[in-house]
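A quick write-up on the structure given underneath.
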Amino acid sequence: MRRILFSIGFLLITFFYSSFSFSKGTRLYMFPAHKVVIKKPVYGDILVIGQDVEVLNVIEGSVSVIGGSIKIKGEVSKNCVSIGGNVELLNGKVGGEIVTIGELFGKNRLYWFFLNSLFWIITIGFGLYFYGDRLKENAFEFADDFMRLFFFGFYSLIIFVLLGLISFALIQIGVGIVLFFVISLLFSIIYLFSVLTIFYFFGNSVSGFLKLNVSDAVKMLLGLSIYQALKFVPLFGFLAFTVILSASFGATIYSKFGTFKPWFGMPRFWGE
Amino acid sequence: MNKVCKLLERYIEGTLSEEKEVLFENHLKYCLNCKREVELYRKVEDNLNLIPSVKVPDVFKDLVMERVREYRKKLIGWYIYGSAVTIFLLLSFIGIYFIGVSKVISSFYFLSKSLCDFAQSFGLAVFTISASLYNCFGVGRFNWLIYLFLFSILSFVFVRSVKSFSKEVR
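The following block contains the structure:
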């Protein structure tokens, strides 16, 4: 445990060091509270996550936004990229190209909801059919030692996000493409397994509470409906989802997808 | 090697007639080759008899059958997926037949063109955002070194922590 705490401290130090040592050029805004307004000229790129941007002055670089839209009243010398939003030109000028991706889905939440549900229903069928026993094992493990697994899962989620960001930046030298692909593949496999575990846990506990004797597939669908309902609860839903996903993530890594085999050939000393 | 030597195999099997058995036993007194063979065979037989017999657990059959059932279940699953794909392909072929090949090809052309445009803009977006991230430390020649160093340290720490976490006694 001490080692893990040390490594978390080390990670935080490196993370904050990198965020304080930004040069005057590139500016990074992660989930700012208010709309980002650029009033002074900027010599470098601007990257905003989770908020809109308004450009009133000259920017010698590119402007990119993930999960927000861009209003340009000034001048941007390079590209303008908006993912999940749109780019508005109000007497402004863009030297490079304007790219907008996923504008349709960004606005319409119902599309997302239906696509998401369909995806999860197919995944439930697949997962339950081929890895049903492992999912159950993982769900029991998840319920067994929640707090420890939460801390471990949160830690590994942070590491995955950092690794993803670094490998994404490394796309500039080519090697990042492979690294990013590997990281995102690993992450998505663990994520899928963890969410299926959450479904089983939800369905199992609810059916146990109501004393219903239903099959595993119905339990999973019950879990899916609870999961989708959580999205409509403001703040608490997001918090609960983050906590539960972290714990489930930890359980998946800890139990190695419910097999309880050791990672990297290390022996297990408990509960064998 | 004479004719009697050829009786060796049948002697070991014990299928010789009494007359020939006596003949072969007399032959063994002076044929060293045959004698060695027979002795070797007896030794192997004795050693084989020394191995203790293993008792198969009662649930062994059930375990094997369960594995077989699991395998079959998986196989049936893949068959279902395969047949779904085949039905989808067949339906699409029938659809193409009714709509007309030229219309389908032209619509595919437009679809692929728009997909290409999308891929192009997606690539541009990825490149722009990654360039912004890459220049976080300022436009330097050794940014890649810093990033590779950070990546390797992070992955090392993560692997170590997964190891130590799964090693702890609970």
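Protein sequence lines, in the order shown, are assigned to chains A and B. Under the working numbering, the first sequence has 262 at position 262, and the numbering climbs by one with no breaks. Under the working numbering, the second sequence has 1142 at position 142, and the numbering climbs by one with no breaks. Note that beta-carbon positions come from the ideal geometry of N, C-alpha and C, so glycine has one too.
Original post:
So, is Gln228 of chain A buried or exposed, given that buried needs 16 or more other C-beta atoms within 10 angstroms?
Top reply: The residue you call residue 228 of chain A lines up with position 228 of the first sequence. If you draw a 10 Å sphere on the C-beta of Gln228 of chain A, you find fewer than 16 other C-beta atoms in it, and that means exposed.
Original post:
How many angstroms separate the CA atom of Gly68 of chain A from the CA atom of Gly84 of chain A?
Top reply: Here residue 68 of chain A refers to the residue found at position 68 of the first sequence. Here residue 84 of chain A refers to the residue found at position 84 of the first sequence. Roughly 6 Å between the two C-alpha positions.
Original post:
Looking at Thr26 of chain A and Cys1136 of chain B, is the spacing between their C-beta atoms short of 8 Å?
Top reply: Indexing the second sequence from 1 puts residue 1136 of chain B at position 136. Indexing the first sequence from 1 puts residue 26 of chain A at position 26. Contact flag set, yes.
Original post:
Looking at C-beta atoms only, is the number of pairs between the segment 229 to 247 of chain A and the segment 176 to 185 of chain A that lie closer than 8 Å three or more?
Top reply: Two segments are said to touch when three or more pairs of C-beta atoms, one from each, lie closer than 8 Å; by this definition the segment 229 to 247 of chain A does not touch the segment 176 to 185 of chain A.
Subject >> Cα-Cα separation, Leu47 of chain A to Leu1090 of chain B >> reply: Your numbering for residue 47 of chain A matches position 47 in the first sequence. Your numbering for residue 1090 of chain B matches position 90 in the second sequence. Rounded to whole angstroms, Leu47 of chain A to Leu1090 of chain B spans 47 Å at the Cα level.
Original post:
If you draw a straight line from the C-alpha of Val1126 of chain B to the C-alpha of Gly96 of chain A, how long is it?
Top reply: Indexing the second sequence from 1 puts residue 1126 of chain B at position 126. Indexing the first sequence from 1 puts residue 96 of chain A at position 96. Near 15 Å, if we compare the C-alpha coordinates of Gly96 of chain A and Val1126 of chain B.
Subject >> Backbone secondary structure at Tyr43 of chain A - three-state DSSP >> reply: Numbered from 1 along the first sequence, position 43 holds the residue referred to as residue 43 of chain A. Assigned with DSSP and collapsed to three states, Tyr43 of chain A falls in coil, not helix or strand.
**OP:** Would you please verify whether the beta carbon of Pro234 of chain A is less than 8 Å from any beta carbon of chain B?
**Re:** Reading the first sequence from its first residue, position 234 is the one you call residue 234 of chain A. Not a single C-beta of chain B is nearer than 8 Å to the C-beta of Pro234 of chain A.
**OP:** Identify every residue that forms a DSSP beta bridge with Arg27 of chain A.
**Re:** On the first sequence, position 27 is the one that residue 27 of chain A refers to. DSSP lists A:Ile46 as partners of Arg27 of chain A.
Original post:
So, is the C-beta of Ile1129 of chain B closer than 8 Å to a C-beta in chain A?
Top reply: Counted from its first residue, the second sequence places residue 1129 of chain B at position 129. Yes - at least one Cβ of chain A is within 8 Å of the one on Ile1129 of chain B.
Original post:
Between Gly127 of chain A and Ile1076 of chain B, what straight-line distance do the alpha-carbon atoms span, to the nearest angstrom?
Top reply: In the first sequence, residue 127 of chain A corresponds to position 127, counting from 1. In the second sequence, residue 1076 of chain B corresponds to position 76, counting from 1. Distance between Gly127 of chain A and Ile1076 of chain B, taken at the CA atoms: about 15 Å.
**OP:** Count the CB pairs spanning the segment 1034 to 1047 of chain B and the segment 1069 to 1089 of chain B that are closer than 8 Å, and state whether there are at least three.
**Re:** Using a C-beta cut-off of 8 Å, the segment 1034 to 1047 of chain B makes no contact with the segment 1069 to 1089 of chain B, since fewer than three inter-stretch Cβ pairs fall below that distance.
Original post:
If you measure from the beta carbon of Gly84 of chain A to each beta carbon in chain B, is any gap under 8 Å?
Top reply: Numbered from its first residue, the first sequence carries residue 84 of chain A at position 84. Not flagged as an interface residue toward chain B: Gly84 of chain A, since no C-beta distance is shorter than 8 Å.
**OP:** Pull up the distance between the alpha-carbon of Val1064 of chain B and that of Ile1146 of chain B, whole angstroms please.
**Re:** Here residue 1064 of chain B is taken as the residue at index 64 of the second sequence, counted from 1. Here residue 1146 of chain B is taken as the residue at index 146 of the second sequence, counted from 1. If you take the alpha carbons of Val1064 of chain B and Ile1146 of chain B, they lie about 54 Å apart.
Original post:
What residues from chain B crowd round Thr26 of chain A, counting only those whose CB sits closer than 7 Å?
Top reply: Residue 26 of chain A sits at position 26 when you count from the first residue of the first sequence. The contacting residues are Ser1132, Asn1135 and Cys1136.
Subject >> C-alpha distance - Ser167 of chain A paired with Ala1119 of chain B, whole-angstrom precision >> reply: Residue 167 of chain A sits at position 167 when you count from the first residue of the first sequence. Residue 1119 of chain B sits at position 119 when you count from the first residue of the second sequence. When the Cα atoms are used, Ser167 of chain A and Ala1119 of chain B turn out to be separated by approximately 20 Å.
Original post:
Cβ of Gly61 of chain A within 8 Å of Cβ of Ser77 of chain A?
Top reply: In the first sequence, counting from the first residue as 1, residue 61 of chain A sits at position 61. In the first sequence, counting from the first residue as 1, residue 77 of chain A sits at position 77. It is a contact, given that the beta carbons lie within the stated cut-off.
Subject >> Proximity test, Asp1062 of chain B beta-carbon vs the ligand COA heavy atom, cut-off 7 Å >> reply: Here there are no bound small molecules, and the ligand COA is not part of this structure.
Subject >> Terminal residues of the alpha helix (DSSP H) in which Thr242 of chain A lies >> reply: Taking the first residue of the first sequence as 1, we reach residue 242 of chain A at position 242. Looking at the DSSP string, the run of the alpha helix (DSSP H) that includes Thr242 of chain A is Phe236 to Tyr254.
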